[in-house]
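> Input: one structure, supplied below.
Numbering (the numbering used here), first residue to last: -16 to 465.
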């Protein structure tokens, strides 16, 4: 395996932990890698500009064929509850090169997803399909443009190899960038498979690296629980703001730093309905749009359970302390959800009675199958659209009252423009773009990325009011497609 340093400034603080938390492993070489996408702006932020004009270097490093000599590649161990059932997992097809120092002096994980077998691969081949890696690139960058905390995508490589799933696929490798790849499932792994001392070292590492402000606390683990709970609530509320459905909110897909991670069966809601679900494996709607905050609470309860021995030596006391924090979930979520929804309809000085505006609007939107994004876009632009909602007498009455409520607020439209995107990556457009991109035609893919980069630019003359083909959502299903 060829190694070289160039201008990488990598470290891997994770290997300072006990070896039970990871396995050292190098990426498996691929025969004929080709660069499909490279995120130049992100590379600049990561101090990797030396790659920008050298496709051979980009392809070599980000396919895993060349490993920086200051990298200590590892696969991380973790477990998780998948659809409520506990299982041992780990990085079965992803290898962490290390933490790259960015231009703002922060460190970001760089992980190669689809880069070969690891000790956690089980019966898997360690590879990924080009389509699924392109999908994650498109969705994660779209979420970034939507101002939602997320992992980022640095590059996609066509491996030149075949990957066997339900059919024969082209192989792909994604360079994923994140502040952390530690999940709630990592804490579950530590609880079940590590010694108490090793688990304590891990908790200390997490606090020191990500939440140093609580390191001197008299009760750091209760503060950690409270902090992670709040950032997870904030994240889910940001998903709700744009109609995003994660699709597989297992505990191994909940980052402890509050970033959206793992984009397998995700999708965006078109017609407003809290029961909307697109994932083919979510047969009972566990992770439906309107359930996401409830699942976040469930996952956080699991997280709290892992911390109990470190919250208090007396188990009953520990349970009471953890539960007192979890009991704050409902009010924190509700208050911040309303605050977010008020921003979508431009109420900048809300009163308790204004909650009725939100409740009534959502009820009318669901009743008339209104497009979620376009409804709020219409309100922002003070324009009607073709949805039946805008013909409804009840909605017209709501609209009149709402206009009276915000007419004297000069900041109303400003805050609406910041919170109501013009574009989302519509499901039918994403599928069409992916089908074309894997065959070498990236025009539609590029168009979506361009639109998303301008999704809050109301002063730019762009197409408005995207529509979905009739009947598309009724049959549309997403798949993990790894």
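Note that the Cβ used here is the ideal one computed from N, Cα and C, for glycine as well. Everything numeric in this text was worked out from a predicted model, so none of it was measured.
Got a sec, what are the start and stop residues for the alpha helix (DSSP H) residue 51 sits in?
Note, residue 51: premise wrong, no alpha helix (DSSP H); beta strand (DSSP E) at 49 to 51.
> Between the stretch 167 to 175 and the stretch 146 to 159, can you find at least three pairs of beta-carbon atoms closer than 8 Å?
no
> Three Cβ pairs or more, each shorter than 8 Å: is that satisfied between the stretch 404 to 414 and the stretch 327 to 338?
no
> Check the C-beta distance from residue 0 over to residue 182 and give it rounded, since I have them as a contact under 8 Å.
Contact doesn't hold; Cβ gap of about 10 Å is too wide.
> Going by beta-carbon coordinates alone, are residue 291 and residue 278 separated by less than 8 Å?
no
> Here's the rule I'm using: 16 or more other beta-carbon atoms within 10 Å means buried, otherwise exposed. How should residue 107 be labelled?
exposed
> Taking the DSSP output, what are the residues bridged to residue 95?
78 and 158
> Measure from the alpha carbon of residue 226 to the alpha carbon of each residue in 381, 352, 101 and 253, then state which is nearest.
253
> Which residues does DSSP list as the beta-bridge partners of residue 20?
139
> To which residues of the same chain is residue 213 closer than 7 Å at the C-beta, ignoring the five residues directly before and after it?
315
> DSSP state of residue 256, grouped into three classes?
DSSP places residue 256 in coil when its eight states are reduced to three.
> Report the rounded CA-to-CA distance for residue -16 versus residue 9, giving the unit in angstroms.
The predicted model places residue -16 with a pLDDT of 48, which falls under 50 and marks its position as unreliable; any figure quoted below should be read in that light. Roughly 9 Å separates the two Cα atoms.
> Beta-carbon separation of residue 83 and residue 29 under 8 Å?
yes
> What residue does the beta strand (DSSP E) around residue 57 start on, and which one ends it?
57 to 59
> CA-CA distance, residue 401 and residue 443?
14 Å
> DSSP state of residue 127, grouped into three classes?
helix
> Nearest to residue 161 by CA position, among 418, 27 and 243, is which residue?
243
> Restricting to Cα atoms, I'd like to know which of 38, 102 and 284 is closest to residue 310.
284
> Would you mind reading off the limits of the beta strand (DSSP E) that contains residue 246?
Per DSSP, residue 246 belongs to no beta strand (DSSP E) and is neither H nor E.
> Shortest alpha-carbon distance to residue 87 belongs to which of 125, 25 and 127?
When the alpha-carbon of residue 87 is set against those of 125, 25 and 127, the nearest one is in 25.
> Over what stretch of residues does the beta strand (DSSP E) that includes residue 7 continue unbroken?
5 to 7
> Is the stretch 186 to 200 in contact with the stretch 219 to 237, if contact means three or more CB pairs nearer than 8 Å?
no
> Out of curiosity, what's the CA-to-CA distance linking residue 72 and residue 103?
7 Å
> The alpha helix (DSSP H) spanning residue 351 covers which residue range?
Element bounds for residue 351: n/a, residue is neither H nor E.
> Would you identify the three-state DSSP class for residue 211, choosing helix, strand or coil?
Looking at residue 211 - three-state DSSP - the assignment turns out to be helix.
> Check whether the stretch 253 to 267 and the stretch 130 to 137 touch, using three or more Cβ-Cβ pairs below 8 Å as the test.
no
> Could you tell me which of 42, 85, 52 and 128 sits nearest to residue 98, measuring between CA atoms?
Cα-wise, what sits closest to residue 98 is 42.
> If we require 4 or more residues per run, which alpha helix (DSSP H) segments fall completely within the stretch 164 to 240?
167 to 176, 179 to 193 and 203 to 225
> So is the beta-carbon of residue 440 under 7 Å away from any non-hydrogen atom of the ligand NAD?
This structure does not include the ligand NAD; it has no bound ligands of any sort.
> Take residue 70 as the anchor and find which of 267, 61 and 138 has the nearest alpha-carbon.
61
> What residue range does the beta strand (DSSP E) around residue 433 cover?
That residue, residue 433, is in no beta strand (DSSP E); its alpha helix (DSSP H) goes 426 to 436.
> What does a CB cutoff of less than 6 Å around residue 324 pick up in its chain, not counting 5 residues either side in sequence?
341
> Do residue 113 and residue 158 have their beta-carbon atoms positioned less than 8 Å apart in this structure?
no
> Just to confirm the assignment, what range does the beta strand (DSSP E) spanning residue 68 have?
From DSSP, the beta strand (DSSP E) with residue 68 extends over 68 to 71.
> Along the chain, which unbroken stretches of the beta strand (DSSP E) at least 3 residues long are found entirely within the stretch 280 to 361?
none
> Contact defined as beta carbons within less than 8 Å: I believe residue 219 pairs with residue 262. What is the distance between those atoms, to the nearest angstrom?
The pair is not a contact, with the Cβ atoms about 17 Å apart (cut-off 8 Å).
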